[in-house]
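One structure is given below, encoded as structure tokens.
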Amino acid sequence: MSFIPVLFTLQVLPPDVLTRRSKAGEPSWESPWGAGRPGWHIECSAMASDVCGSKLDVHTGGVDLKFPHHDNELAQSETRQLEWKFVWTRDGTILVRREHREPAKRIRSENDFEKVFGA
Numbered sequence: 001m002s003f004i005p006v007l008f009t010l011q012v013l014p015p016d017v018l019t020r021r022s023k024a025g026e027p028s029w030e031s032p033w034g035a036g037r038p039g040w041h042i043e044c045s046a047m048a049s050d051v052c053g054s055k056l057d058v059h060t061g062g063v064d065l066k067f068p069h070h071d072n073e074l075a076q077s078e079t080r081q082l083e084w085k086f087v088w089t090r091d092g093t094i095l096v097r098r099e100h101r102e103p104a105k106r107i108r109s110e111n112d113f114e115k116v117f118g119a
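Under the UniProt record's numbering, the sequence shown has 15 at position 15, and the numbering climbs by one with no breaks.
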């Protein structure tokens, strides 16, 4: 996948939406604010536009990601003038308890289910 350079101003989006400080051992790039890497939201925007181009009709994601992830992804994509006039399809998560008074665990995948129930 190619790196897509994008220019923003602080009036458009706060910098933490676009970049994150890198942790030890992570790939990073120097910037005026220190070493950093693309933020989660910009990663998704870059991957989607790399694969689908400037037009996107349907976008999927978990209901738990509506805010801030999906909102930020859409906002920064609109600043690049991408034609993202799409329909969201959001899947849900399941909350389960092994015992009546036990806190609920969020199940997002079969792997999570196996961790909770040992299946």
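No residue lacks a Cβ here, since even glycine has one placed at the ideal position from N, Cα and C.
For Lys115, three-class secondary structure by DSSP: Lys115: helix per DSSP, three-state reduction.
His100 classed as buried or exposed, judged by whether at least 16 other C-beta atoms fall within 10 angstroms: Burial check for His100: the Cβ neighbour count within 10 Å stays below 16, so the residue is exposed.
N- and C-terminal bounds of the beta strand (DSSP E) containing Trp88: For Trp88, the enclosing beta strand (DSSP E) begins and ends at 87-91.
Given 8 angstroms, three or more beta-carbon pairs between the stretch 73-90 and the stretch 39-53: By the criterion of at least three beta-carbon pairs nearer than 8 angstroms, the stretch 73-90 is in contact with the stretch 39-53.
Exposure of Leu56, with buried meaning 16 or more beta-carbon neighbours within 10 Å: Buried.
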